[in-house]
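Residue numbers (my numbering): 84 to 480.
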Ligand SMILES: Cc1cc2nc3c(=O)[nH]c(=O)nc-3n(C[C@H](O)[C@H](O)[C@H](O)COP(=O)(O)OP(=O)(O)OC[C@H]3O[C@@H](n4cnc5c(N)ncnc54)[C@H](O)[C@@H]3O)c2cc1C
């Protein structure tokens, strides 16, 4: 080994949510910890998360809020380091936060509070963070140590923790490094796909809906496997908003999704009643009472909505109701990793210990956070997975 090799107990690649949590915990055990990252700043995704306010966890976390080829894998880590443990840390730092819909917890002020808290915890236990560091190669020596060659020199460590995240937002320094290292050590990688991502539209839908940019509607969005009730948002590029982001993680190319734009209304019954009571009233006058005005002509056409209710047959009224409550739309695709909040797929859980996140293929090697085939719903679940998996690895690495 050359003189220049830097010795450490634990080397962590990735100085963001999962990597910093792991570093803190390993540091608390007296381990010498170095964290490497090619970014110029630690925790860039934490800073940009939750619109700058970091939705750092959720009041109600369970395995059902996660997608994985192994749906049971996340249970152990999530129960060993829970949302309450992270909330206790947030409280210890007196970070002000609030609860939004669906139990989502956000900082009152800024995501910086969460990052600064993690960095302060790292400092307490003397974790060293080295930024702007390119990772060139990783090798396992016969003595079981890992040697990592980087632009800042060689590092030798008993434990190597991969916390380099997924492929989402390359501009924020995302890279496939974690998958490559996993493959190098014989791990199977489930194919990756952008998740929590807006849909793009087929040309004819885009043309029809483009003028709706900015319109938001409380809806139920579903496919044959799952449904979400939250807002959808029409944008100049396609469809977004929380309900769309949620279903995007369950979407397969070529599939249609169904949107109920009026989840609390029996539209067929409404139209029938109004037809009896006010036969001369135009369809648009009734729909304007329950839907955003701009939406109605785009979905049904000017001619239809200008027609008095008495001119519609019962069958036609039912068709109109179905169009609004089971609107089938086939996305053209997604906006991809450029805007996706997460990456689906990744390192196969079956080849990791669910208790420690250690590789079953190579002792001393750990995978934590988003690089693993565990993807949370929108709502703070992805950070909770990063904290929980990072904590677990930090107990043993
Ligand atoms: C816009 C946006 C908003 C989000 N908001 C939320 C939210 O509010 N709540 C929530 O729960 N989740 C949110 N997420 C998801 C969440 O940010 C991630 O799931 C989480 O950050 C994953 O943590 P991680 O430590 O596994 O990976 P990351 O946070 O992605 O960190 C990986 C680190 O590894 C480094 N790295 C990558 N490749 C290399 C390389 N080749 N060499 C060296 N270093 C490398 C990166 O620079 C980075 O610092 C959001 C994501 C995005 C993109």
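For glycine and all other residues, C-beta sits at the position ideal for the given N, C-alpha and C.
Item, Value
"Pop quiz: residue 414 and residue 282 are said to be a contact at Cβ under 8 angstroms. What is the actual Cβ separation, rounded to whole angstroms?", "4 angstroms"
"Can you give me the Cβ contacts of residue 342 inside the same chain, cut-off strictly under 7 angstroms, excluding the 5 residues immediately before and after it?", "302, 304, 315, 410, 412"
"Verify the contact flag: residue 252, CB atom, against every heavy atom of ligand 1, threshold strictly below 6 angstroms.", "yes"
"Count the C-beta pairs between the stretch 202 to 217 and the stretch 149 to 160 that are closer than 8 angstroms, then say yes if the count reaches three, no if not.", "no"
"Quick check on DSSP: helix, strand or coil for residue 84?", "At residue 84 the pLDDT is 47, less than 50, meaning the model places this residue with poor confidence and gives no usable figure here."
"Going straight from the alpha carbon of residue 489 to that of residue 246, what length do you get?", "Not covered by the structure: residue 489. The range shown for the chain is 84 to 480."
"May I have the straight-line CA-CA distance separating residue 442 from residue 286, to the nearest angstrom?", "46 angstroms"
"Can we count residue 121 as close to ligand 1, meaning its CB is less than 6 angstroms from some heavy atom?", "yes"
"Enumerate in chain order the residues of its own chain whose CB-to-CB distance from residue 273 is below 7 angstroms, with the five nearest sequence positions on each side excluded.", "152, 428, 429, 431, 456"
"Please give the ranges of any beta strand (DSSP E) in the stretch 188 to 231, keeping only runs that are unbroken, at least 3 residues long and fully inside the region.", "211 to 213, 218 to 223"
"Tell me whether residue 247 counts as near ligand 1, meaning its Cβ is closer than 6 angstroms to at least one heavy atom of that ligand.", "yes"
"May I have the straight-line CA-CA distance separating residue 480 from residue 473, to the nearest angstrom?", "10 angstroms"
"With residue 467 as the anchor, note down where its alpha helix (DSSP H) starts and where it stops.", "464 to 477"
"Assign residue 399 to one of three DSSP states: helix, strand, or coil.", "helix"
"Pull up the CB-CB distance for residue 379 and residue 388, whole angstroms please, since I reckon it's below 8 angstroms.", "5 angstroms"
"Report whether the distance from the Cβ of residue 398 to the nearest heavy atom of ligand 1 is below 6 angstroms.", "no"
"Look up residue 417 in the DSSP assignment and say whether it is helix, strand or coil.", "strand"
"Report yes if the CB atom of residue 91 is closer than 7 angstroms to the CB atom of residue 234, and no otherwise.", "no"
"Straight-line CA distance for residue 84 to residue 454?", "Bear in mind that the predicted position of residue 84 carries a pLDDT of just 47, short of 50, making it too unreliable to give a figure here."
"Taking the alpha carbon of residue 196 as the reference point, which residue from 216, 163, 139, 222 has its own alpha carbon closest?", "139"
"Around the Cβ of residue 439, are there at least 16 other Cβ atoms within 10 angstroms (buried) or fewer (exposed)?", "buried"
"Could you check which residue in 458, 422, 202 has the C-alpha nearest to that of residue 172?", "202"
"Ordered along the chain, which non-local residues of its own chain (more than five positions away) have a Cβ less than 7 angstroms from that of residue 460?", "148, 329"
"Have a look at residue 468 and residue 358 and give me their C-alpha separation to the nearest angstrom.", "52 angstroms"
"Looking at residue 198 and residue 126, is the spacing between their C-beta atoms short of 7 angstroms?", "yes"
"Go ahead and pull the three-state DSSP assignment for residue 259.", "coil"
"What are the residues that DSSP puts in a beta bridge with residue 181?", "189"
"What are the boundary residues of the alpha helix (DSSP H) that residue 434 is part of?", "From DSSP, residue 434 is part of no alpha helix (DSSP H); its letter is neither H nor E."
"What are the start and end residues of each continuous beta strand (DSSP E) run of 3 or more residues lying completely inside the stretch 94 to 135, in chain order?", "116 to 119"
"Could you check if residue 362 is buried or exposed, using at least 16 other CB atoms within 10 Å of its CB as the buried criterion?", "exposed"
"Take residue 194 and list the residues in its own chain whose beta-carbon comes closer than 7 angstroms to its own, dropping the five residues that flank it on each side.", "129, 130, 132, 133, 135, 136, 137"
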